[in-house]
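Residue 548 is where the sequence shown starts when you use the numbering used here, and the numbers rise one by one after that.
For glycine and all other residues, C-beta sits at the position ideal for the given N, C-alpha and C.
A short worksheet on the structure shown next.
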Amino acid sequence: VMDPFLRVLEAHLKHQVGDGIRAYADDIAMLLHNCPAALPIILDVFAAFARVSGLALHLAKCEVIPLLLSAGAMKAKLACSPLASRLQVNDKGKYLGFFVGPGRLLSSWDAPLAKFVKRVGLWTTMHLGLHLSLRAFKCYIASVLSYIWQLEDVPPPAQEAWTAALRALAPGPGNWATAADLRALKAFGICPVEVPLLSDVALVAKLRVIYDMGPSLI
């Protein structure tokens with residue numbers, strides 16, 4: 548359904564689009580050389596598509612993320628167009644689960660880390676013991692970060708939350724086990740379950756993405 552529309556949109560924007568158009572189902576992203584000039588064209592194409600398909604653009608959910616101007620300056624440039632002025636203008640926005648834009652900072656990690664900490668709190672109340680707690684950590688807790696660490700660098704808050712989670716799920720006297728120790732429990736003969744370092748699993752995930760994407764990332 549979307550492919551013919553995307554082809555028409557790309558044809559109309561061939562002189563305006565910087566690095567083409569990216570789309571996953573109906574989530575569309577465009578890198579524009581001149582946003583104020585391109586937006587009327589984009590809105591006209593969407594209007595034509597709506598007349599044919601009945602699928603209308605929800606302007607309040609569309610975001611413009613200026614890379615060189617401030618959000619305020621971009622809003623001023625779009626104010627002259629009644630339709631374009633209804634778009635959201637921010638220094639960051641979420642696309643396919645990741646925040647993009649100059650103001651993104653660590654925003655991509657905020658929701659996954661909050662969910663991660665919440666799950667740690669839930670599982671620590673069960674007092675399952677070292678073996679089952681670490682199994683739960685790998686299956687049900689660490690997995691909530693696995694989407695983000697495929698592309699995002701691991702920030703200190705994530706590393707700190709990972710270490711704190713292991714301390715909570717593998718309690719003991721003093722500093723009885725470090726994160727590196729929990730990585731080698733099987734080698735020590737203590738437990739059949741090992742927990743890799745966060746930096747290691749994140750690196751492996753990125754390498755897998757590069758391998759899967761192949762030449763398209765080069």
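### Query
Is residue 608 helix, strand or coil when you go by DSSP?
DSSP places residue 608 within a helical segment (H, G or I) once states are collapsed to three.
### Message
List, from N- to C-terminal side, the alpha helix (DSSP H) runs of 4 residues or more that fit wholly inside the segment 639 to 696.
### Response
Inside the segment 639 to 696, DSSP marks whole alpha helix (DSSP H) runs of 4 or more residues at positions 654 to 671, 677 to 683, from first to last along the chain.
### Query
Can residue 749 be considered in contact with the ligand ATP, in the sense that its beta carbon sits closer than 6 Å to one or more heavy atoms?
Ligands in the displayed structure: none, and consequently the ligand ATP is not present.
### C-beta contact flag for residue 648 and residue 640 at 7 Å
With contacts defined as CB atoms closer than 7 Å, residue 648 and residue 640 qualify as a contacting pair.
### Task
Return the chain-ordered list of same chain residues with a C-beta closer than 7 Å to the C-beta of residue 654, the five sequence neighbours on each side being excluded.
Excluding the 5 residues flanking it on each side, residue 654 has same chain C-beta neighbours closer than 7 Å at 639, 646, in chain order.
#### Entry: Best match in 664, 634, 669, 592 for proximity to residue 607 [C-alpha to C-alpha]
Selected option, being the one with the closest Cα: 634.
### Task
Ignore the nearest five residues each way along the sequence and tell me which others in residue 727's own chain have a CB closer than 8 Å to its CB.
Counting only Cβ-Cβ distances below 8 Å, and skipping sequence neighbours, we find 744.
### Task
Would you check if the distance between the CB atom of residue 659 and the CB atom of residue 701 is smaller than 7 Å?
Their beta carbons are not under 7 Å apart, which means residue 659 does not touch residue 701 by this criterion.
### Range of the contiguous beta strand (DSSP E) that encloses residue 578
For residue 578, the enclosing beta strand (DSSP E) covers residues 574 to 579.
#### Entry: Endpoints, alpha helix (DSSP H) assigned at residue 730
It is not in any alpha helix (DSSP H) - residue 730 carries neither H nor E in the DSSP assignment.
### Message
According to DSSP, is residue 636 part of a helix, a strand, or is it coil?
### Response
Correct three-state label for residue 636: strand.
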